[in-house]
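**Q** After the structure tokens below, expect a handful of questions from me.
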Amino acid sequence: MCCFSISQDRSPFFWTLGRPTESLDICLRKHSVLPYVYVNIDFDHGLLGGNQMKKLLLGTALAVVAASHASAETYRAECFAPAPGTATIQGEAKDGPYKIAFVNGFAGNDWRIAAIQASKAWAARPENAANIEEFTVVSVGNDSAAQIAAIDNFIAAGYDAITFIAVNPSAFEPVIRRAERQGTVLVPFDNVLDTDKVVQINESQLELGRLKAQTVMDELGGSAKKILMVNGLPGNATDRDRRLGMMSVFDKIDGLEIVEVVGNWDTGTSQKVVADALATHGQFDAVVSQHGAAGTINAMQAAGHPIVPMGVDGENGVRMLMDELNIPGISASQAPAMSAVALEAAVALLQGNKLPQTVFLPIPQVAAADLEAGVNYFPDLPKSFNTGTGFPDCFAPFTPEELLGQSADNT
1 MCCFSISQDR
11 SPFFWTLGRP
21 TESLDICLRK
31 HSVLPYVYVN
41 IDFDHGLLGG
51 NQMKKLLLGT
61 ALAVVAASHA
71 SAETYRAECF
81 APAPGTATIQ
91 GEAKDGPYKI
101 AFVNGFAGND
111 WRIAAIQASK
121 AWAARPENAA
131 NIEEFTVVSV
141 GNDSAAQIAA
151 IDNFIAAGYD
161 AITFIAVNPS
171 AFEPVIRRAE
181 RQGTVLVPFD
191 NVLDTDKVVQ
201 INESQLELGR
211 LKAQTVMDEL
221 GGSAKKILMV
231 NGLPGNATDR
241 DRRLGMMSVF
251 DKIDGLEIVE
261 VVGNWDTGTS
271 QKVVADALAT
281 HGQFDAVVSQ
291 HGAAGTINAM
301 QAAGHPIVPM
311 GVDGENGVRM
321 LMDELNIPGI
331 SASQAPAMSA
341 VALEAAVALL
351 QGNKLPQTVF
361 LPIPQVAAAD
371 LEAGVNYFPD
381 LPKSFNTGTG
391 FPDCFAPFTP
401 EELLGQSADN
411 T
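Residues in the sequence shown are numbered from 1 upward in steps of one, following the UniProt record's numbering.
This is the structure in structure tokens:
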């Protein structure tokens, strides 16, 4: 991964493998577990001459080619798309069928319930069931020690693979070593780990946050006085990175006041904390919500707040409200069906395939102006239904019947 700082007329631009990011800090944080090269080119002061520039561009080209070549060598690269600059990990092949567990942490919101339902729906499909001897799902609450203990129990019980959403991204090095000794494949997703030792499935959380923030600023013409940020679960890497992505946009706006509240990615919690924020701070020029935005919109409606640009999640009820109320902005989300992609990755590794260490899935998104009933939201389905029902490059998206036919209970 290469991060460039190019200075011309004192205006900085930052590039990651040819794609602009918002700041060098974001660029490096995004790839914090990866090696990087940082090159500063100052055209005003001529730090690099012609030959040096040629060497720089040649080295950059070789790095890009090497990254492209690495992705071409991995299994099903159309599904398991590599994050920029990521390494690869090859599993050790073992005969199936396999015993697999999904160790969830917090299960107190609709997204986590949908993720559990997607994992069970994936395991129920005949082509997947043929590879599975036993599939177990447990939710342990927002307790890192309890989650690690549960993973250790499955390792000791001889499970072949364990997927999980980490409660704490920095507490897993010992359990990773124990899993490696026992030959157990670990595949974290969503809230991934601060490690490069296991394959991890995610969307770019920085980009998801940046996308929402940039969209509302574009709707406002690039200026604003006060914005409300409804954050997620404190201490969670996903919450941390989405917030960093948002702030990479908002930090550029002179005089902008940011009011932050903790919504826990939950509709009810978001409604309460947003109602409190409106009572304390008055009106906002725009709102960005990580998840649980239906509660945010309900609180704004109850308070008589005018319609303002919003960056929201992909729940069915949220999109219904956006379309009904003509709220400008964007609906973009972390698709809970990535739980099924993590299971796909676990089986691929157990079959001896090579995967990128960090997989970035595409971000499901739709602009408010493009919302259409029956196409990207569904009035006949529950409001809590998440519209991110799958990743077509990995498997056929789940039908509502497949998902809603599964429970969120431990099995």
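Every residue, glycine too, gets a C-beta built ideally from N, C-alpha and C.
(1) Spatial neighbours of residue 416 within its chain, please: C-beta separation below 6 Å, excluding the five flanking residues on both sides.
(2) In its own chain, which residues sit with a C-beta less than 7 Å from the C-beta of R112, not counting the 5 before and 5 after it?
(3) Would D160 pass as a contact of K99 if the rule is Cβ separation under 9 Å?
(4) Since N231 is in the beta strand (DSSP E), which residue starts that stretch and which ends it?
(5) At what residues does the beta strand (DSSP E) containing A337 begin and finish?
(6) On the DSSP letters alone, give me the boundaries of the beta strand (DSSP E) that V312 sits inside.
(7) Since E257 sits in a beta bridge, which residues does DSSP pair it with?
(8) Where does G59 land, buried or exposed, given buried means 16+ other C-beta within 10 angstroms?
(9) DSSP on P188, reduced to helix/strand/coil?
(10) Grab me the residues of Q271's own chain with a C-beta within less than 6 Å of its C-beta, minus the 5 sequence neighbours each way, in chain order.
(11) What's the C-alpha gap between L56 and F80?
(12) Tell me which residues share the same chain as A114 and place their Cβ nearer than 6 Å to its Cβ, disregarding the 5 neighbours each side in the sequence.
(13) Taking only the alpha-carbon atoms, compute the straight-line gap between H305 and T389 and give it to the nearest angstrom.
(14) Which residues mark the beginning and the end of the beta strand (DSSP E) in which K99 is found?
(15) Tell me the rounded alpha-carbon separation between T215 and M310.
(16) Comparing alpha-carbon positions, which option in G108, G405 and P362 lies nearest E203?
(17) Have a look at the DSSP bridge pairing and note the partners of F135.
(18) Taking Cβ to Cβ, would you say P356 is nearer than 9 Å to P82?
(19) May I ask you to list the residues that DSSP assigns as paired with S331?
(20) Tell me S289's beta-bridge partners as DSSP assigns them.
(21) Nearest CA to the CA of A118: which residue from E372, L343 and A130?
(22) Under the three-state reduction of DSSP, which class applies to F154: helix, strand or coil?
(23) Of all the options L233, F360, N191 and G282, which has the alpha carbon lying nearest to the alpha carbon of E257?
(24) Over the uninterrupted alpha helix (DSSP H) stretch that includes K212, give me the two end residues.
(25) When the Cα atoms are used, what is the spatial distance from F378 to E401?
(26) Just how far apart, CA to CA, sit S139 and A123?
(27) Give the straight-line distance between the Cα atoms of I176 and N131, rounded to the nearest whole angstrom.
(28) Between the C-alpha atoms of residue 414 and R181, what's the straight-line distance to the nearest angstrom?
(29) Just how far apart, CA to CA, sit R280 and V308?
(30) Which value, in whole angstroms, describes the spacing of the CA atoms of A166 and A146?
(31) Taking DSSP as the reference, what is the three-state secondary structure of V262?
(32) With distance defined between alpha-carbon atoms, name the residue in P97, M338, G329 and A93 nearest to P397.
(33) Taking the C-alpha atoms as reference points, what is the distance between V366 and G158?
(34) Leaving out five residues before and five after A171 in sequence, what residues of the same chain have Cβ atoms less than 7 Å from its Cβ?
(35) Taking G91 and L349 to be in contact with their CB atoms under 8 Å, please state how far apart those CB atoms are, rounded to whole angstroms.
(36) Within 10 angstroms of the Cβ of residue 416, are there 16 or more other Cβ atoms? Answer buried if so, exposed if not.
**A** Reading from the atomic positions:
(1) Residue 416 lies beyond the residue range present for the chain, which begins at 1 and ends at 411; the question has no answer from this structure.
(2) What you label residue 112 is simply residue 112 of the sequence shown in a count that begins at 1. Closer than 7 Å at the Cβ level, and outside the excluded window around R112, lie N104 and F106.
(3) What you label residue 160 is simply residue 160 of the sequence shown in a count that begins at 1. What you label residue 99 is simply residue 99 of the sequence shown in a count that begins at 1. Yes. Within cutoff.
(4) For this step, residue 231 is matched to residue 231 along the sequence shown. Here the beta strand (DSSP E) through N231 covers K226 to N231.
(5) If you number the sequence shown from 1, residue 337 lands on position 337. From DSSP, A337 is part of no beta strand (DSSP E); its letter is neither H nor E.
(6) One-based indexing of the sequence shown puts residue 312 at position 312. Its beta strand (DSSP E) spans residues M310 to V312.
(7) As a working note, residue 257 is residue 257 in the sequence shown. Note: E257 sits in a beta bridge opposite K226.
(8) As a position in the sequence shown, residue 59 is number 59, starting the count at 1. Summary for G59: the model assigns pLDDT 45, below 50, so the residue's position carries little reliability; its value from the coordinates is reported in the next sentence. Per the 10 Å Cβ criterion, exposed.
(9) Locating residue 188 in the sequence shown gives position 188, where the first residue counts as 1. Strand at P188.
(10) By one-based count along the sequence shown, residue 271 stands at place 271. If we look at Q271 and ignore the five residues flanking it on each side, its Cβ neighbours are G295, N298 and A299.
(11) Taking the sequence shown and counting its residues from 1, the one referred to as residue 56 is at position 56. Taking the sequence shown and counting its residues from 1, the one referred to as residue 80 is at position 80. Confidence is the limiting factor: at L56 the pLDDT is only 41, short of 50, which leaves the residue's position unreliable and the question unanswerable from this model.
(12) Residue 114 sits at position 114 when you count from the first residue of the sequence shown. These residues qualify, in order along the chain: P336 and N386.
(13) By one-based count along the sequence shown, residue 305 stands at place 305. By one-based count along the sequence shown, residue 389 stands at place 389. Whole-angstrom Cα-Cα distance: 32 Å.
(14) The residue you call residue 99 lines up with position 99 of the sequence shown. From DSSP, the beta strand (DSSP E) with K99 extends over Y98 to N104.
(15) For the purposes of this step, residue 215 is taken as residue 215 along the sequence shown, with counting starting at 1. For the purposes of this step, residue 310 is taken as residue 310 along the sequence shown, with counting starting at 1. Cα to Cα, the separation comes out at about 8 Å.
(16) Here residue 203 corresponds to residue number 203 of the sequence shown, with the count starting at 1. Ranking the options by Cα distance to E203, first place goes to P362.
(17) Numbered from 1 along the sequence shown, position 135 holds the residue referred to as residue 135. According to DSSP, F135 bridges with I100.
(18) Translated into positions along the sequence shown, residue 356 becomes position 356. Translated into positions along the sequence shown, residue 82 becomes position 82. For P356 and P82, yes; Cβs fall inside 9 Å.
(19) Mapped onto the sequence shown, residue 331 falls at position 331. Partner(s): V312 and V366.
(20) On the sequence shown, position 289 is the one that residue 289 refers to. Answer by DSSP bridge pairing, in chain order: V230.
(21) By 1-based counting over the sequence shown, the position of residue 118 is 118. Among E372, L343 and A130, the Cα nearest to that of A118 belongs to L343.
(22) Numbered from 1 along the sequence shown, position 154 holds the residue referred to as residue 154. Helix at F154.
(23) For the purposes of this step, residue 257 is identified with residue 257 of the sequence shown, where counting begins at 1. Closest by alpha carbon: G282.
(24) Within the sequence shown, the letter at position 212 stands for residue 212. That run of the alpha helix (DSSP H) goes Q205 to E219.
(25) Along the sequence shown, read from residue 1 onward, the residue named residue 378 stands at position 378. Along the sequence shown, read from residue 1 onward, the residue named residue 401 stands at position 401. Whole-angstrom Cα-Cα distance: 13 Å.
(26) Position 139 of the sequence shown, counted from the start, is the residue given in the question as residue 139. Position 123 of the sequence shown, counted from the start, is the residue given in the question as residue 123. Roughly 17 Å separates the two Cα atoms.
(27) Residue mapping note: residue 176 aligns to position 176 of the sequence shown, counting from 1. Residue mapping note: residue 131 aligns to position 131 of the sequence shown, counting from 1. Their Cα atoms are separated by approximately 24 Å.
(28) Only positions 1 to 411 of the chain appear in this structure, which leaves residue 414 out of reach.
(29) On the sequence shown, residue 280 is found 280 positions in, with the first residue counted as 1. On the sequence shown, residue 308 is found 308 positions in, with the first residue counted as 1. Per the sequence presented here, residue 280 reads as Thr, with Arg not at that position. If you take the alpha carbons of T280 and V308, they lie about 18 Å apart.
(30) As a working note, residue 166 is residue 166 in the sequence shown. As a working note, residue 146 is residue 146 in the sequence shown. Cα to Cα, the separation comes out at about 11 Å.
(31) Locating residue 262 in the sequence shown gives position 262, counting from the first residue. V262 falls in the strand class under three-state DSSP.
(32) Mapped onto the sequence shown, residue 397 falls at position 397. Comparing Cα-Cα distances from P397 to each of P97, M338, G329 and A93, the minimum goes to M338.
(33) What you label residue 366 is simply residue 366 of the sequence shown in a count that begins at 1. What you label residue 158 is simply residue 158 of the sequence shown in a count that begins at 1. Looking at the two C-alpha atoms, the distance is approximately 43 Å.
(34) As a working note, residue 171 is residue 171 in the sequence shown. Answer for A171: S144 and I148, listed in chain order.
(35) What you label residue 91 is simply residue 91 of the sequence shown in a count that begins at 1. What you label residue 349 is simply residue 349 of the sequence shown in a count that begins at 1. With a Cβ gap of about 3 Å, G91 and L349 count as contacting.
(36) Because the chain is modelled from 1 through 411, residue 416 falls outside the range shown and cannot be assessed.
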